[in-house]
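Down below is the structure, laid out as structure tokens.
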Amino acid sequence: APESGADGNGFLSRLERARADFKAAMDDDFTAPQAIAALQELTREVNTLLNGETTVSKEVLTAINDTYNDLGGKVLGIVPESEEDAGSDARREAALIELLIKMRADARAAKNYAESDRIRDELAAIGVQLEDRADGTIWRTV
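Residue numbering for the sequence shown follows my numbering, beginning at 42 and increasing consecutively.
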């Protein structure tokens, strides 16, 4: 059966309209609030579609996902590209913090306490709290 209405071609054309509204807002002197408003309106419509009685095709679900990734992710940077990417970002962040902790330990071992304190203070400024223990330094975000 051909798809129409809120499911299928009808919603695919709505996604294209959302892309056009978003692009128009961004082209108008990079008006991010209007672009985000276009995404919010689309989100209301997507929620209505997904919570409705109609079965949503895989094609439409893929198009919805692609629209959010393109506009919210690639353009605005507010949507992670994938959970895997978000996980790799967290791993990268943890590895960088561990590297800074090692650099701080090296500075302390060299009795360069000013550098050690600077690293601790810089980490604290971005919400990373260090706790020195007999078996090494642990960290947590605050």
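Just so you know, even glycine gets a beta-carbon here, dropped at the ideal spot from N, CA and C. Computed from a prediction, not measured in an experiment: that's the story for all the values here.
In or out: residue i buried (at least 16 other Cβ within 10 Å) or exposed?
i, result
"Ala66", "buried"
"Val183", "exposed"
"Arg85", "exposed"
"Ser157", "buried"
"Leu140", "exposed"
"Arg133", "exposed"
"Gly113", "buried"
"Arg55", "buried"
"Ala76", "buried"
"Ile179", "exposed"
"Leu80", "buried"
Per DSSP, residue i forms a beta bridge with which residues?
i, result
"Gly177", "Arg174"
"Val169", "Thr182"
Roughly how many whole angstroms lie between the Cα atoms of residue i and residue j?
i, j, result
"Asp48", "Ala165", "Per-residue confidence for Asp48 stands at a pLDDT of 48, beneath the threshold of 50, marking its modelled position as unreliable; the derived number appears in the next sentence. Approximately 50 Å between the Cα atoms of the pair."
"Asp111", "Lys143", "38 Å"
"Gly46", "Arg60", "Interpretation of Gly46 is limited by its pLDDT of 42, a score under 50 that renders its predicted location unreliable; no figure is taken from the coordinates."
"Glu100", "Phe52", "10 Å"
"Asn92", "Ile160", "50 Å"
"Ala78", "Glu94", "26 Å"
"Ala151", "Arg145", "10 Å"
"Val87", "Lys64", "19 Å"
"Asp62", "Gly168", "37 Å"
"Glu82", "Asp162", "42 Å"
"Tyr154", "Ala148", "7 Å"
Name the two residues that bound the continuous alpha helix (DSSP H) containing residue i.
i, result
"Glu100", "99-109"
query = Which whole runs of the beta strand (DSSP E) in the region 130-155 are 3 residues long or more, in chain order?
reply = none
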